[in-house]
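Participant: For what it's worth, our numbering labels the leading residue of the sequence shown as 69, then goes sequentially.
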Amino acid sequence: MDRASGLSVRLKLALSYAGFLMLAGVLLLSAVWVFLLRYVPDRAKLIVPDGLSNNGVFPVRSNLLHLFAPRAAAVLAFLLVFGLVGGWILAGRMLAPLTRIADATRMATNRSLSHRIRLPGRRDEFRELADAFDAMLARLEAHVAEQQRFAANASHELRTPLAISKALLDVARTDPNFDAGEVIDRLHAVNTRAINLTEALLLLSHANQKSFSRERVDLSLFVEEATETLLPLAEKQGVTIEASGDITPTIGSKALLLQLTTNPGGVA
């Protein structure tokens, strides 16, 4: 969203500090002036040489005003300068953590999710904000890693069912005596296993969160199913596949173990 540029937060804080200091100075000077008006008489009779005043009586308050006003203005000017400079320095020190958080945000925008703020010091509002941002970056990095792992596994593991489907279609196209019903049944089985494979890869991408269920399975049945699945590829390459073995019970994810048996070089 495009927005018009305005005053920086640091400048606003500096102006706020200076304004508060000026207000405090005005109140203090006002209190001093009220005190002087209360306890200093309007006119005082002093012993002075003849001819300098009427009967030696001076208007004290009027003279006091001439003396107090310029000095009060000088004090207020000093407070203004001091408040602006001091407020600018203090605001810069207080907002320094926000600068580090903003830099980390820009780096995250440029796909650098491994950077962490790790703000030092004791726990305060800025420290809590930095820690929350670091936790968010960690979750984003883990999510991106899961997506990349899923994409890499999918591109590798889906080659097997696609190659099997291609082999079945090649056989159906080149063999005039092929059984259409058998080819359709095999294609249906391969498609079903491809769907199961996709679900297995999704489970694998969330394996660090322990989100997949475990159940008792027999690995020997998986070996037989894998042999049947790979049979079209074996026939095309002139390779004979045989499966044998006793019952091998175990506990795990059925989808992941089936893919492990079908393609040991993949999700394993």
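Heads up, the beta-carbon is just placed ideally off N, CA and C, and yes, glycines get one too.
Out of curiosity, what's the CA-to-CA distance linking H134 and R78?
Facilitator: Rounded to whole angstroms, H134 to R78 spans 38 Å at the Cα level.
Participant: Rounding to the nearest angstrom, what Cα-Cα distance links V285 and L270 in this structure?
Facilitator: So the two alpha carbons sit approximately 20 Å from each other.
Participant: Can you tell me which of the three DSSP states D202 falls into?
Facilitator: If DSSP states are grouped into helix, strand and coil, D202 belongs with the helices.
Participant: What's the gap between the Cα of R195 and the Cα of S98?
Facilitator: For R195 and S98, the distance between alpha carbons rounds to 41 Å.
Participant: What does the alpha-carbon distance come out to for the pair T318 and F218?
Facilitator: Cα to Cα, T318 sits roughly 25 Å from F218.
Participant: What are the residues that DSSP puts in a beta bridge with I319?
Facilitator: Answer is R284, bridged to I319.
Participant: Can you tell me whether I252 is helix, strand or coil according to DSSP?
Facilitator: I252: helix per DSSP, three-state reduction.
Participant: Compute the Euclidean distance between the alpha carbons of L50 and L187, then round it to the nearest angstrom.
Facilitator: Because the chain is modelled from 69 through 336, residue 50 falls outside the range shown and cannot be assessed.
Participant: Measuring straight from C-alpha to C-alpha, what distance separates V102 and L205?
Facilitator: One C-alpha to the other measures close to 59 Å.
Participant: What residues in its chain sit with their C-beta under 6 Å from that of S180, if we drop five residues either side in the sequence?
Facilitator: Excluding positions up to five away in sequence, the list is empty.
Participant: Would a C-beta distance cut-off of 8 Å place L152 and A82 closer than the cut-off?
Facilitator: Yes.
Participant: Less than 6 Å between C-beta atoms, sequence neighbours within five positions excluded: which residues of the same chain meet that for R168?
Facilitator: Once the five neighbours on either side are set aside, the close Cβ partners of R168 are I185.
Participant: Report yes if the C-beta distance between P165 and A198 is below 8 Å; otherwise report no.
Facilitator: Yes. Within cutoff.
Participant: Are V291 and T329 touching if we call contact CB-CB under 8 Å?
Facilitator: Yes, they are a contact pair.
Participant: Using DSSP with H/G/I as helix, E/B as strand and the rest coil, what is I232?
Facilitator: In the structure shown, I232 sits in a helix (DSSP, three-state: H, G or I).
Participant: Taking S321 as the reference, which of A210, I309, R191, E267 has the closest Cα?
Facilitator: Cα-wise, what sits closest to S321 is E267.
Participant: Please classify A235 as buried or exposed, where buried requires at least 16 neighbouring CB atoms within 10 angstroms.
Facilitator: Looking at its Cβ environment, which holds 16 or more other Cβ atoms inside 10 Å, A235 is buried.
Participant: Determine, using beta carbons only, whether P229 and A262 come nearer to each other than 8 Å.
Facilitator: In contact: P229 and A262 (Cβ atoms closer than 8 Å).
Participant: Check the C-beta distance from G154 over to Y85 and give it rounded, since I have them as a contact under 8 Å.
Facilitator: Right, the Cβ-Cβ distance comes to about 7 Å (below 8 Å), so this counts as a contact.
Participant: Taking buried to mean at least 16 other C-beta atoms within 10 Å of its own C-beta, is V307 buried or exposed?
Facilitator: So V307 counts as exposed.
Participant: Report buried or exposed for E225, applying the criterion of at least 16 other Cβ atoms within 10 angstroms of its Cβ.
Facilitator: By the 10 Å Cβ count, E225 comes out buried.
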